[in-house]
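Student: Mind looking over this structure? Questions follow.
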Amino acid sequence: MIAGRLTDFVFPILLSVAVAAYLVGSFPAGYIAGRLAGVDLRTVGSGNVGATNVTRVLGKRIGYPVFLVDFAKGFVAVGAAVIIAKAGSSGVAFTELSAAVAAVMAVVGHSYPLWLRFQGGKGVATTLGALFAINWIVGAVVCVVWILLFQFTRYVSVASLAAAAALPITMATLFFLHQLRTAVQPVFALILSAIVIWRHRSNISRLVSGTEPRFNRK
């Protein structure tokens with residue numbers, strides 16, 4: 116009886132969190148910015164609507180704000196999920212699970228938005244936003260890894276892949292050092308990392324063939 120009541124309580128909240136996070140993540144900031152500038156980003160540059168392609172095609176003045184919006188999508192989705200979970204339950208595990216679901220679904224929404232026929236960005240900025248909402252230490256480590264690799268290689272894709280790889284490693288390290296209360300966060304970190312790496316599979320092919328463009332200084 117208790118298990119049934121718990122199931123009736125948990126599933127509706129997690130489903131609501133998942134749908135809301137997907138819709139927040141799917142807001143096509145890059146596509147809208149491009150359209151306002153008279154450009155369909157899906158047809159120029161890398162064909163991606165993420166902040167990197169926006170910056171390459173339209174410049175930093177537009178690219179940086181798009182990055183901030185994409186970052187905010189992950190942060191807001193997780194923050195809202197935590198508020199909803201805490202309002203319905205005081206359990207730490209359930210709150211962390213809600214935050215994890217929101218993080219994953221926000222990145223899925225960004226990467227596969229319904230409004231753009233599931234052709235979205237790579238999920239890096241949204242992942243970073245979700246991380247800072249969940250655990251700022253992990254977010255800071257991932258951010259530092261990205262900056263260092265980008266400065267050293269000038270490849271956005273290399274920096275993003277390295278940051279994605281660093282995410283589950285950092286989270287697992289904190290877990291084994293007993294800095295995390297549950298195992299929920301390491302599991303969700305692995306899922307987020309897999310999504311980001313999967314979204315970069317075309318970049319990996321270009322890196323292997325030597326055709327991946329560097330981000331030139333201007």
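Mapping of the sequence shown onto the numbering used here: position 159 corresponds to residue 274, and the numbering continues sequentially without gaps. Quick reminder that beta carbons are idealized off the backbone N, C-alpha and C, glycines included.
So, with DSSP's three-state summary, where would you put Pro301?
Tutor: Counted from its first residue, the sequence shown places residue 301 at position 186. Residue state, collapsed to three classes: helix.
Student: If we ignore side chains and look at the alpha-carbon of each, how far apart do Gly178 and Ala255 end up?
Tutor: Within the sequence shown, numbered from 1, the residue matching residue 178 stands at position 63. Within the sequence shown, numbered from 1, the residue matching residue 255 stands at position 140. About 21 Å.
Student: Check the C-beta distance from Val132 over to Ile198 and give it rounded, since I have them as a contact under 8 Å.
Tutor: Against the sequence shown, residue 132 aligns to sequence position 17. Against the sequence shown, residue 198 aligns to sequence position 83. That belief does not hold up - the Cβ atoms of Val132 and Ile198 are roughly 10 Å apart, past 8 Å.
Student: So, helix, strand or coil for Arg329, using DSSP?
Tutor: Within the sequence shown, numbered from 1, the residue matching residue 329 stands at position 214. It is coil, neither helix nor strand.
Student: Trp251 lies in the alpha helix (DSSP H); which residues open and close that run?
Tutor: By 1-based counting over the sequence shown, the position of residue 251 is 136. Unbroken alpha helix (DSSP H) run through Trp251: 251-268.
Student: Go ahead and pull the three-state DSSP assignment for His315.
Tutor: As a working note, residue 315 is residue 200 in the sequence shown. Residue state, collapsed to three classes: coil.
Student: Report buried or exposed for Arg61, applying the criterion of at least 16 other Cβ atoms within 10 angstroms of its Cβ.
Tutor: No answer is possible for residue 61: it lies beyond the span of the chain, which begins at 116 and ends at 333.
Student: Over what stretch of residues does the alpha helix (DSSP H) that includes Asn168 continue unbroken?
Tutor: Here the question's residue 168 lines up with position 53 in the sequence shown. Here the alpha helix (DSSP H) through Asn168 covers 166-173.
Student: Given a threshold of 16 other Cβ atoms within 10 Å of its Cβ, counted over all protein chains shown, does Ala208 qualify as buried or as exposed?
Tutor: Numbered from 1 along the sequence shown, position 93 holds the residue referred to as residue 208. Exposed, since its Cβ has fewer than 16 Cβ neighbours within 10 Å.
Student: Do Pro143 and Leu264 have their C-beta atoms closer together than 8 Å?
Tutor: Mapped onto the sequence shown, residue 143 falls at position 28. Mapped onto the sequence shown, residue 264 falls at position 149. No, the pair does not count as a contact, with Cβ atoms beyond the cut-off.
Student: Quick check on DSSP: helix, strand or coil for Met220?
Tutor: Against the sequence shown, residue 220 aligns to sequence position 105. Looking at Met220 - three-state DSSP - the assignment turns out to be helix.
Student: Under 8 Å Cβ to Cβ from Leu322, same chain only, skipping five residues before and after it: list those, please.
Tutor: The count along the sequence shown starts at 1 and reaches residue 322 at position 207. Tyr270, Ser272, Val273.
Student: If we call anything under 8 Å between Cβ atoms a contact, is Val257 one with Ile310?
Tutor: Position 142 of the sequence shown, counted from the first residue, corresponds to residue 257. Position 195 of the sequence shown, counted from the first residue, corresponds to residue 310. Not a contact, by the Cβ cut-off of 8 Å.
Student: Determine the burial state of Phe126: buried for a count of at least 16 other Cβ atoms within 10 Å of its Cβ, exposed for fewer.
Tutor: Translated into positions along the sequence shown, residue 126 becomes position 11. Exposed is the call here.
Student: Checking 8 Å against the spacing of the C-beta atoms, do Ser308 and Leu282 come in under that value?
Tutor: Looking up residue 308 in the sequence shown gives position 193. Looking up residue 282 in the sequence shown gives position 167. Yes, these two residues count as a Cβ contact at 8 Å.
Student: Taking the alpha carbon of Asp185 as the point to measure from, which residue in Val260, Ala245, Ala277 has its own alpha carbon closest?
Tutor: In the sequence shown, counting from the first residue as 1, residue 185 sits at position 70. Per the Cα distances, Ala245.
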